[in-house]
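A.B. asks: This structure is in structure tokens; I'll ask about it shortly.
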Amino acid sequence: MGERLRDVTRLPAIFVCLGESPDLDALESALGSLSVTSGAELPADATRSRALRWRRREPRAQVAEFRLDGRAVALAIPASELTVPDARTRISESAARIEWAGRGMPATAGLARSLAETGAIRGTRVGVSLVLEPKTAALAIALRDAGAEVAVFSADGETDPAVATALAELGVEVFAPKLGLDPVPADQDGADADTLALDAAHAAGILDWAPELLIDDGSHLVRLAHTERPGALERLRAASEETTSGVRPLIEMAAEGALCIPVIAVNDARTKSEFDNRIGTGQSCVFAIADLLDSAARPGHDAAGAGATGIGGTRWVVVGYGPVGAGVARFAAALGAKITVVERDPVRALQALHDGFEASTLASALPIADVAVSATGVWHTLSGDDLARLRPGAAVAVAGGIDDELALDELRERGWQAEHHGPHLATWRAPGEAGGPLVLADGAGVNYTAGEGNPIEVMDLSFATQLSSLGRIAEGLDAVGVHVLDAAAERRVAAAALQAHGGEVDPLGSGPVRPGGAAQHWTAHRYRATDSRG
């Protein structure tokens, strides 16, 4: 234990014990002999659950976790990691980052100005449920400046607390973890349960705030309103959905007659899926995975050996070849990875083959994979049996993703245990096994939990598309169901972004614009008897 502590914490360090055990005295003696100071010096929220949550919120912290009888009993945090800016400095820096993000999204700003000029959302309560970082905060500010009353919700693992605090100080209602203590219910067992309880309270809070329009992510709030908080539907007029995984259940709800409001599938707009999904998520996921594998390969790291060769020449298995999967394959291949795609749709599998990748099955591809990425947005895409096929040291991650896209719950039921090697890195081992796959970001979307999210240029397009959808709803979208954004709105968003980046489109000719886009009337065909053209 002492050697591990020396390797990981780079003394001096501080520690906090998490429970009671006869072995804790020996543990404390061992830590004390290594000049590790008392846990009293931890941040004020360093109780058992708070310390674990603090670890997740401080991605720079290399936290050593000590286990007795399979239970985590202590955490040791390098003292150097606590020399971070104080809360006020972090909030000020976050406010500056929000301002910078606003300047970096010209299409979003332009659409917001249009909404302000028309007064389309003036006085309207708009709820925003998205990963909360500077770009999302800038969207909230743009909505506020367009005249809306705005509230933002975000789950604990998808929130930058300093940004959440800064946004609240800018006058936006925020239902998300902020810097300082959060009122976590005390009757839950463990940090994960505490976090889920806090997330549930915040989700209920934004629905109780009674939004009239809602920008949703994963359709979580829309489904919550329809199942457990139907009172929210009395005020909620319509919503727009950001993600593929969120549109799918909405379509099912509509088919069953359960959907009570109109929803625009923003995800299906070309200005969203062809850029945010294919380019943005593809890039951010591959870069986040590369960074994590690089950290795992550092000398002395508990997970050393995983990713030690870099990306070049490694075998990646990409499960799903929609826009996200295609983007992941493209960017990983650009870094030199050898790509195998697993797809159930023969058309998409053939597309992957023509894009230069192999197409195979999970049973064939997983045992030889160095990295496996689930890019489907489907629950249990990789089952417990699939995960067990991965060789020891192989990394597995989720791109974008939903809860339990990796069936880690099945592994727990089989007695597998996770050994954490620091933020976002954990080796999962079967009983009696010395090694196992390296799970990244606890199976959550690796790009927004372990990375910095998608590039601002593509998020500008996504958020501009969201604002265009709100404008369409404000014009009078009353029909219940899932709707697509019309092509004219897509073109307006794209034109705004193109102009902002100095691009141009060739103007249409002076002739009439025909419904199908042909240059001549349909009667002008090759075998007609006359020569007239019209």
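Whatever position you read off the sequence shown (first residue = 1), add 763 for the working numbering.
Every residue gets a Cβ at the ideal spot worked out from N, C-alpha and C, and that includes glycine.
Note that the coordinates shown come from a computational prediction; the quantities given were computed from them, not determined experimentally.
(1) Over the uninterrupted beta strand (DSSP E) stretch that includes Val-1159, give me the two end residues.
(2) Suppose the cutoff is 6 Å on Cβ atoms and the five residues either side in sequence are ignored; what does the same chain contact list for Ala-850 look like?
(3) Between the segment 983-990 and the segment 1203-1216, do three or more beta carbon pairs fall short of 8 Å?
(4) Which parts of the segment 912-987 are runs of the beta strand (DSSP E), unbroken and 3 residues or longer, counting only runs that do not cross its ends?
(5) For Val-1026, which residues of its own chain have a beta-carbon under 6 Å away from its beta-carbon, when the five flanking residues on both sides are left out?
(6) Could you pull the start and end residues of the beta strand (DSSP E) that Leu-1056 belongs to?
(7) Measure the alpha-carbon distance for Glu-880 versus Gly-873 and round it to whole angstroms.
(8) Can you round the beta-carbon distance between Arg-1000 and Ile-1024 to whole angstroms, since I take them to be within the 8 Å contact cut?
(9) Using CA atoms only, rank isn't needed, just tell me which of Gly-1279, Gly-1214, Arg-1152 and Gly-1195 is closest to Leu-1188.
(10) With DSSP as the reference, label Ile-1024 as helix, strand or coil.
(11) In the structure shown, what three-state DSSP assignment does Leu-1145 receive?
(12) So, at 6 Å on beta carbons, what are the nonlocal neighbours of Leu-1171 in its own chain, with the 5 sequence-adjacent residues on each side left out?
(13) From the DSSP output, read off the bridge partner residues of Leu-1203.
(14) Here's a check: name, in chain order, each residue in its chain whose Cβ is nearer than 6 Å to the Cβ of Arg-860, leaving out the five neighbours to either side.
(15) CA-CA distance, Ile-904 and Ala-911?
(16) Excluding the 5 residues flanking Pro-1130 on each side, which residues of the same chain have their C-beta closer than 6 Å to its C-beta?
(17) Quick check on Trp-1179: does DSSP put it in helix, strand or coil?
(18) Can you tell me where the beta strand (DSSP E) holding Arg-1078 begins and where it ends?
(19) From Gly-1090 to Gly-1043, what distance separates their C-alpha atoms?
(20) In angstroms, rounded to a whole number, what distance separates the CA positions of Val-947 and Asp-962?
(21) Using the Cα positions of Leu-1145 and His-1284, report the straight-line distance between them to the nearest angstrom.
(22) With DSSP collapsed to three states, give me the class of Glu-1196.
(23) By the three-class DSSP mapping on this structure, what secondary structure does Gly-1140 have?
(24) For the alpha helix (DSSP H) containing Ala-1032, name the first residue and the last one.
(25) Can you give me the Cβ contacts of Thr-1212 inside the same chain, cut-off strictly under 6 Å, excluding the 5 residues immediately before and after it?
(26) Of all the options Arg-1277, Ala-1258 and Pro-1275, which has the alpha carbon lying nearest to the alpha carbon of Val-1268?
(27) Between Ala-901 and Gly-865, which are expected to be in contact by the criterion C-beta below 8 Å, what is the C-beta distance as a whole number of angstroms?
(28) Determine the extent of the beta strand (DSSP E) in which Glu-1004 is found, giving its start and end residues.
(29) Pick from Tyr-1084, Ala-927, Asp-1148 and Leu-976: whose alpha carbon is nearest that of Gly-1299?
(30) Does the Cβ-Cβ distance between Ser-917 and Leu-893 come in under 8 Å?
(31) What do you get for Asp-1108, buried or exposed, if any count of 16 or more other CB atoms within 10 angstroms of its CB means buried?
(32) Taking the straight line between their C-alpha atoms, what separation do you get for Thr-1286 and Pro-1086?
(33) Find the nearest neighbour of Gly-1076 within the set Trp-1142, Ala-1132 and Val-1104, judged by alpha-carbon distance.
(34) Could you pull out every residue in the same chain whose Cβ sits closer than 8 Å to the Cβ of Pro-822, ignoring the five residues on either side in sequence?
(35) I'd like the span of the beta strand (DSSP E) that includes Glu-1121, first residue to last.
(36) So for Leu-1153, helix, strand or coil by DSSP?
C.D. replies: Looking at the coordinates:
(1) 1158-1161
(2) Leu-942
(3) no
(4) 912-916, 936-938 and 976-979
(5) Ala-1002, Glu-1004, Leu-1013 and Val-1245
(6) From DSSP, Leu-1056 is part of no beta strand (DSSP E) but of the alpha helix (DSSP H) over 1045-1059.
(7) 11 Å
(8) 7 Å
(9) Gly-1214
(10) coil
(11) strand
(12) Gly-1206
(13) Leu-1188
(14) Pro-897
(15) 10 Å
(16) Arg-1152
(17) coil
(18) 1078-1082
(19) 8 Å
(20) Caution applies to Val-947, whose pLDDT of 42 falls short of 50 and renders its modelled position unreliable; the value that the coordinates give is listed next. Spanning the two alpha carbons is a distance of roughly 10 Å.
(21) 52 Å
(22) coil
(23) coil
(24) From DSSP, Ala-1032 is part of no alpha helix (DSSP H); its letter is neither H nor E.
(25) Gly-920 and Ala-1204
(26) Ala-1258
(27) 4 Å
(28) 1001-1004
(29) Past the boundaries of the shown model lies residue 1299; the chain is included only from 764 to 1297, so the question cannot be answered.
(30) yes
(31) exposed
(32) 38 Å
(33) Ala-1132
(34) Low confidence applies here, because Pro-822 scores a pLDDT of 39, under 50, leaving its location unreliable; read the following figure in that light. Result list for Pro-822: Pro-1186, His-1187 and Ala-1213, in chain order.
(35) 1121-1123
(36) coil
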